[in-house]
Amino acid sequence: MPKQKIILKGIPASAGVVKGKVRIILDPSDNSKMKKEDILVAKITDPSFVIAMSKAVAIITDLGGLTSHPAIIARELGVPCVVSTLKATKVLKDNDKIKVDGTKGIIYKI
Amino acid sequence: MIKLKLMGQKELSTKYKKQIIQKFVKAMKRAFQGLGCNRLWPAEAAQIQAYFNSFLATWFFEKYKENPKKFREGLKKLQANHLYSLLYDVVVVGLKVAKRFENYPINQKEIVDFVTFIASVAYEKIRNDIFCVEGTNKILSKDEVTNIIKNTKWIKTNKEISKEVAKLSISADSLDWSLYFDAHPIGGMVTHGPYRCKDGMLIIKDWFDLNPPSWAVENKHPKLLMYLIYRPIKDLRFDIMNHFTTKQNMPKKLVKFSVVRGKKIMNAEQIKKLTSYYNRLTLKQTQYVNSLKPLDIIVKGTEICYYAYKIFFDYYKMNWRPPKKVYINIKQQRLKYWNRYKFKPSLVAPQNTTQFDPRDSFIM
Numbered sequence: 508m509p510k511q512k513i514i515l516k517g518i519p520a521s522a523g524v525v526k527g528k529v530r531i532i533l534d535p536s537d538n539s540k541m542k543k544e545d546i547l548v549a550k551i552t553d554p555s556f557v558i559a560m561s562k563a564v565a566i567i568t569d570l571g572g573l574t575s576h577p578a579i580i581a582r583e584l585g586v587p588c589v590v591s592t593l594k595a596t597k598v599l600k601d602n603d604k605i606k607v608d609g610t611k612g613i614i615y616k617i
Numbered sequence: 073m074i075k076l077k078l079m080g081q082k083e084l085s086t087k088y089k090k091q092i093i094q095k096f097v098k099a100m101k102r103a104f105q106g107l108g109c110n111r112l113w114p115a116e117a118a119q120i121q122a123y124f125n126s127f128l129a130t131w132f133f134e135k136y137k138e139n140p141k142k143f144r145e146g147l148k149k150l151q152a153n154h155l156y157s158l159l160y161d162v163v164v165v166g167l168k169v170a171k172r173f174e175n176y177p178i179n180q181k182e183i184v185d186f187v188t189f190i191a192s193v194a195y196e197k198i199r200n201d202i203f204c205v206e207g208t209n210k211i212l213s214k215d216e217v218t219n220i221i222k223n224t225k226w227i228k229t230n231k232e233i234s235k236e237v238a239k240l241s242i243s244a245d246s247l248d249w250s251l252y253f254d255a256h257p258i259g260g261m262v263t264h265g266p267y268r269c270k271d272g273m274l275i276i277k278d279w280f281d282l283n284p285p286s287w288a289v290e291n292k293h294p295k296l297l298m299y300l301i302y303r304p305i306k307d308l309r310f311d312i313m314n315h316f317t318t319k320q321n322m323p324k325k326l327v328k329f330s331v332v333r334g335k336k337i338m339n340a341e342q343i344k345k346l347t348s349y350y351n352r353l354t355l356k357q358t359q360y361v362n363s364l365k366p367l368d369i370i371v372k373g374t375e376i377c378y379y380a381y382k383i384f385f386d387y388y389k390m391n392w393r394p395p396k397k398v399y400i401n402i403k404q405q406r407l408k409y410w411n412r413y414k415f416k417p418s419l420v421a422p423q424n425t426t427q428f429d430p431r432d433s434f435i436m
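For the record, the sequence lines run as chains A and H. The first sequence begins at 508 in the numbering used here and counts up one residue at a time. The second sequence begins at 73 in the numbering used here and counts up one residue at a time.
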């Protein structure tokens with residue numbers, strides 16, 4: 508099995524492990540960029556991210572805690588979520604293939 | 073676990089007051105730890121509250137002093153979660169500000185007494201766990217829960233429909249946040265439970281007002297209720313701000329549900345349609361708010377907070393809208409507090425919860 512490189516750590520906010528492609532959304536008007544099976548990466552989310560979040564297979568944010576929006580929504584949807592990574596929007600790029608471990612709060616490059 | 077026995081007590085003992093305050097401070101600390109380093113939309117709570125909370129807090133305090141019995145009856149009209157928010161959004165910090173910066177005649181003991189008075193009313197409205205410190209937010213009696221379980225038309229879940237229910241839930245949450253801002257979500261919704269039942273545990277999500285008068289949004293479906301029965305989730309914990317956490321996968325644990333719009337029970341197709349409808353409203357509303365100037369956001373945020381206590385104002389036969397002096401204050405202060413309390417990671421550190429301790433004069 509190829510070795511997985513840890514690229515980010517944060518607060519584990521919604522349990523589960525999933526693989527997918529990164530989609531960075533800095534402006535909610537970019538909601539349409541999100542495709543099914545994408546992993547949503549944002550600084551933090553606000554209500555206008557609702558459509559992007561409902562499509563995401565996982566959510567990663569720079570800011571936020573266990574009861575922040577992205578965390579609440581990820582738990583409702585049952586998708587993995589890592590918050591408070593501080594730099595996910597800078598470290599990750601669109602279409603990067605990653606694995607999100609929402610149980611441990613770790614993001615791997617695959 | 074400290075048991076509080078407040079019901080029916082006319083005068084609260086010093087011991088009970090101490091316990092209530094300790095629980096309140098503990099609950100606030102836990103809530104802020106949960107929020108972490110979090111930027112709120114469209115503004116931090118203090119960016120708006122600083123313009124009015126001393127006015128509102130002293131108004132409440134004056135009503136209390138005038139006639140405590142009448143005041144108590146007025147408070148009883150509010151839900152426990154609104155009484156909690158009255159404490160953490162308005163009373164504690166508002167009275168401290170009034171005392172320290174506005175020469176308002178109140179001492180620290182009076183602040184503590186007032187907080188415990190409000191808490192004692194909240195305690196009568198919940199099932200033992202004041203401020204959710206033990207992780208529950210139970211507001212229904214056993215009989216009420218039994219009636220719901222018995223009389224609700226339940227729909228059994230499968231993987232697909234669980235997901236649709238979750239999508240509607242996040243849509244309604246997002247619409248609520250867009251209407252009441254991140255700082256005052258309980259203006260339009262309350263989640264309560266978990267209540268033990270035969271199949272596991274019942275959680276109720278109640279969006280009771282998704283069409284507040286502060287906005288021109290016309291929502292045809294302003295009321296939505298979700299009765300959700302999950303297999304037992306042992307680590308599910310509520311906090312004082314009506315958030316809940318768990319490490320379990322919620323949709324996978326869902327056993328059955330009932331979604332009620334107005335008085336109508338919804339089927340899967342209707343749930344999908346309502347999700348799209350709420351999402352459209354949310355996008356429209358957030359775009360509108362994002363187009364507002366900071367002073368307009370402050371005015372709207374202030375109205376949102378006052379509206380949360382509309383039932384109380386109604387009881388006193390008063391208009392729920394902020395008094396003129398609040399609007400004048402916003403005009404005069406301009407962006408003073410907006411700029412002072414802009415999001416900074418250092419301002420949201422959990423140690424700053426000291427400002428929610430009514431025994432301490434510290435304010436950020």
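Here a beta-carbon is modelled for each residue, glycine too, at the ideal position from N, C-alpha and C.
- Not one beta carbon of chain H lies nearer than 7 Å to the beta carbon of A/R530.
- If one requires a minimum length of 4 residues, the alpha helix (DSSP H) runs lying completely within the stretch 141-202 of chain H are 152-157, 164-173, 180-197, in chain order.
- The beta carbon of H/C377 sits no closer than 7 Å to any beta carbon of chain A.
- In this structure, the straight-line span from the alpha carbon of H/I370 to that of H/Y409 is close to 10 Å.
- With a contact defined as Cβ atoms closer than 8 Å, A/G609 and A/K516 miss out at about 12 Å.
- Proximity of H/N314 to chain A, defined by a Cβ-Cβ separation below 7 Å, is not satisfied.
- When 7 Å is used as the limit between beta carbons, H/D311 is near these residues of chain A: T574, in chain order.
- At a C-beta separation below 8 Å, H/K239 has these neighbours in chain A: S561, L584.
- Under the Cβ distance rule, H/S157 does not count among the residues neighbouring chain A, no pair being separated by less than 7 Å.
- Contact annotation: in the stretch 548-559 of chain A, residues whose CB is within less than 7 Å of a CB in chain H are I551, D553, P554, S555, V557, I558.
- Here DSSP, grouped into helix, strand and coil, assigns H/N351 to helix.
- Close to chain A, meaning a Cβ-Cβ distance shorter than 8 Å, are the following residues of the stretch 90-113 of chain H: A103, Q105, G106, L107, G108, C109, N110, R111, W113.
- Looking at H/Y378, H/L167, H/K135, the one whose alpha-carbon comes closest to that of H/N391 is H/Y378.
- Against chain H, the beta carbon of A/L515 has no neighbour under 7 Å; the closest one sits roughly 15 Å away.
- Contact between the stretch 278-287 of chain H and the stretch 309-324 of chain H is absent: fewer than three C-beta pairs spanning the two stretches fall below 8 Å.
- Look at H/W249: its C-beta is under 7 Å from a C-beta on chain A.
- Judged by DSSP secondary structure, H/D248 falls within the alpha helix (DSSP H) whose first and last residues are 231-252.
- Look at A/I546: its C-beta is not under 7 Å from any C-beta on chain H.
- Between A/I614 and A/I514, the alpha-carbon positions lie close to 6 Å from each other.
- DSSP places A/A563 outside any beta strand (DSSP E), giving it a letter other than H or E.
- Taken through DSSP and simplified to helix, strand or coil, H/P323 comes out as helix.
- Segment contact: the stretch 549-561 of chain A against the stretch 573-584 of chain A, three or more CB-CB distances shorter than 8 Å; contact assigned.
- At a C-beta separation below 9 Å, H/L212 has no neighbours in chain A, since its nearest C-beta there lies roughly 22 Å away.
- With its beta carbon at least 7 Å from every one in chain H, A/I613 lies outside the interface.
- Using a Cβ-Cβ distance cut-off of 8 Å, the stretch 348-359 of chain H and the stretch 92-107 of chain H are not in contact, since fewer than three pairs of beta carbons, one from each stretch, lie closer than that value.
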